[in-house]
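Letter 79 of the sequence shown, counting from 1, is numbered 98 in this note's numbering, and no numbers are missing. We put the beta carbon where it would ideally sit given N, CA and C, even for glycine. Have a look at the structure below before the remarks.
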Amino acid sequence: MEYRKFNQIKRLVVKIGSSSLTYATGKLNIEQMEKLVRQMVDLHNRGIKVLLVTSGAVGAGAGKIGLTKKPRTIPEKQAAAAVGQGMLLHMYEKFFAEYGVVVGQVLLTREDFSDRRRFLNARNTLQALLEFNIIPVVNENDTVAVDEIKLGDNDHLAAMVAGLVDAELLILLSDVGGLYDGDPRQPGADLLSEIYELNEEIESLAGGAGSKVGTGGMVTKIQAARIAMHSGLVTVIARASENDIIRRVSAGEPLGTAFWPSAKLVQKKKWIAYGSTVCGRLCVDDGAVRALQRGGKSLLPSGVTAVEGKFDVGNTVSVVNHDGREIARGIVNYCAADVEKIKGCKTGEIVGILGHKDYDEIIHCDNLALE
Ligand code: GLU
Numbered sequence: 020m021e022y023r024k025f026n027q028i029k030r031l032v033v034k035i036g037s038s039s040l041t042y043a044t045g046k047l048n049i050e051q052m053e054k055l056v057r058q059m060v061d062l063h064n065r066g067i068k069v070l071l072v073t074s075g076a077v078g079a080g081a082g083k084i085g086l087t088k089k090p091r092t093i094p095e096k097q098a099a100a101a102v103g104q105g106m107l108l109h110m111y112e113k114f115f116a117e118y119g120v121v122v123g124q125v126l127l128t129r130e131d132f133s134d135r136r137r138f139l140n141a142r143n144t145l146q147a148l149l150e151f152n153i154i155p156v157v158n159e160n161d162t163v164a165v166d167e168i169k170l171g172d173n174d175h176l177a178a179m180v181a182g183l184v185d186a187e188l189l190i191l192l193s194d195v196g197g198l199y200d201g202d203p204r205q206p207g208a209d210l211l212s213e214i215y216e217l218n219e220e221i222e223s224l225a226g227g228a229g230s231k232v233g234t235g236g237m238v239t240k241i242q243a244a245r246i247a248m249h250s251g252l253v254t255v256i257a258r259a260s261e262n263d264i265i266r267r268v269s270a271g272e273p274l275g276t277a278f279w280p281s282a283k284l285v286q287k288k289k290w291i292a293y294g295s296t297v298c299g300r301l302c303v304d305d306g307a308v309r310a311l312q313r314g315g316k317s318l319l320p321s322g323v324t325a326v327e328g329k330f331d332v333g334n335t336v337s338v339v340n341h342d343g344r345e346i347a348r349g350i351v352n353y354c355a356a357d358v359e360k361i362k363g364c365k366t367g368e369i370v371g372i373l374g375h376k377d378y379d380e381i382i383h384c385d386n387l388a389l390e
């Protein structure tokens, strides 16, 4: 995609953070919700498939229950989410209905992405909703998702959803206007407009979580942008309260911070996925499946459980889970006989087993295309 040229996009994911939906009192910011809904409907009416990932359940629920502080314990958060999610959906339903648009609630947890069957199921559901011209309103299933099965923050969830539905653009709306080269609350900090590579310097600019209501600060947004970059889509972080923000970002106005996937990487991944000949299979354990599907992770020997076929260094292989389902394809750094010897081992053991070590990874993440 050319510089901020989003006029061809067909699928857009908008994520709205809690701080943009609730006031400091914990009550919903109706005016802002209404404005954002209006802009999404307008894009929807132009034929763009819009998906909304919304936070605010815990925040709104806490306000309704009468908690004055952010709920701390898991049961408290879950109770707040149970109350707040209903309120949230009710409000969205009402606002979207004013423009004749139907919404569908989709609540997901981490397992819906890491378990292949559930992943495909979630994808089919979202696909069907979009085909019916329904705007999916997605949140984490907070009432049942305890820490071990939680994605934890909706920036992450939004990036996963965007990858799941093959969106081209992810807009993360927040109370901060993008990524700054200093503390945005202090004078002299400049907004970084376009990011092409996520290095340590960029990551260090994202401080800790800023606002009181959401779980995410810049850190989770950058992590989400990383996932999105690996799925080949653009992420824009922008300020929710800015006038007409969704429409203007989608029209290509240089607002907020855009994170660009590497065009070369996207092309190469397409080739790996569709163009190259598959010479063998690597069966991997569930931990490796989860790590690979989270994005940005390489396949290490420790995750490989079985090797099939005769492949050489530089060949493309299929990566399958324990049921034999393909989850990715990638270019291998070791031949089949070597992978057979080092499978299940730690990277530190490679040199002892093979007598040499050219790479830590069996497949580097840049050479891996997820299914
Ligand atoms: N799922 C949470 C909620 O709706 C929000 C998580 C987040 O702030 O990222 O309250």
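Taking 6 Å as the cut-off, is the CB of G66 close to at least one heavy atom of the ligand GLU? Stepping through the sequence shown from its first residue, residue 66 is reached at position 47. It does not: the Cβ of G66 is nowhere closer than 6 Å to a heavy atom of the ligand GLU.
Could you tell me whether the segment 149-167 touches the segment 66-84, where touching means 3 or more Cβ pairs closer than 8 Å? yes
Determine the direct distance from the alpha carbon of V297 to that of P273, and round the result to whole angstroms. Counting from 1 along the sequence shown, the entry for residue 273 is found at position 254. Counting from 1 along the sequence shown, the entry for residue 297 is found at position 278. One C-alpha to the other measures close to 41 Å.
Span of the beta strand (DSSP E) holding V32? As a working mapping, residue 32 is identified with position 13 in the sequence shown. Its beta strand (DSSP E) spans residues 30-35.
Looking only at DSSP bridge pairs, what is L71 linked to? Start at 1 with the first residue of the sequence shown, and residue 71 comes out as number 52. Per DSSP, V33, V156.
Is G75 near the ligand GLU, going by C-beta to nearest heavy atom under 6 Å? In the sequence shown, counting from the first residue as 1, residue 75 sits at position 56. Within the cutoff, so yes.
Evaluate A317 with the Cβ neighbour count: other Cβ atoms within 10 Å of its Cβ, from every protein chain shown; 16 or more gives buried, anything less gives exposed. As a position in the sequence shown, residue 317 is number 298, starting the count at 1. Note on residue identity: the sequence assigns Ser, not Ala, to residue 317. Buried: at least 16 other Cβ atoms inside 10 Å.
Would K231 be called buried (16 or more neighbouring beta carbons within 10 Å of its own) or exposed? Here residue 231 refers to the residue found at position 212 of the sequence shown. Low per-residue confidence applies at K231: pLDDT is 39, beneath 50, and the placement is therefore not dependable, though the value from the model is reported in the following sentence. K231 should be labelled exposed.
Would you say I256 and K240 are within 7 Å of each other, going by their C-beta atoms? By 1-based counting over the sequence shown, the position of residue 256 is 237. By 1-based counting over the sequence shown, the position of residue 240 is 221. Cβ distance < 7 Å, so I256 and K240 count as in contact.
Tell me the rounded alpha-carbon separation between S212 and R204. Position 193 of the sequence shown, counting from 1, holds the residue named residue 212. Position 185 of the sequence shown, counting from 1, holds the residue named residue 204. Their backbone Cα atoms lie some 17 Å apart in a straight line.
With 16 other Cβ atoms within 10 Å as the buried cut-off, status of K288: In the sequence shown, counting from the first residue as 1, residue 288 sits at position 269. Looking at its Cβ environment, which holds 16 or more other Cβ atoms inside 10 Å, K288 is buried.
From the DSSP output, read off the bridge partner residues of F278. Locating residue 278 in the sequence shown gives position 259, where the first residue counts as 1. In DSSP, F278 forms a bridge with I214, T254.
State yes or no: is the C-beta of E216 nearer than 6 Å to some heavy atom of the ligand GLU? Translated into the one-based positions of the sequence shown, residue 216 becomes position 197. No; taking the cut-off as 6 Å, the Cβ of E216 has no heavy atom of the ligand GLU nearer than that.
Euclidean distance between Cα positions of S281 and Y215: Counted from its first residue, the sequence shown places residue 281 at position 262. Counted from its first residue, the sequence shown places residue 215 at position 196. Rounded to whole angstroms, S281 to Y215 spans 7 Å at the Cα level.
Three or more C-beta pairs below 8 Å linking the segment 179-193 and the segment 25-37: yes
With a threshold of 6 Å on Cβ separation, who are the neighbours of V339 within its own chain once the five nearest residues in sequence on each side are excluded? Within the sequence shown, numbered from 1, the residue matching residue 339 stands at position 320. Excluding sequence neighbours, V339 sits near R300, C302, E345.
With respect to 6 Å, is the separation between the Cβ of D172 and the closest non-hydrogen atom of the ligand GLU below this value? The residue given as residue 172 occupies position 153 in the sequence shown. Yes.
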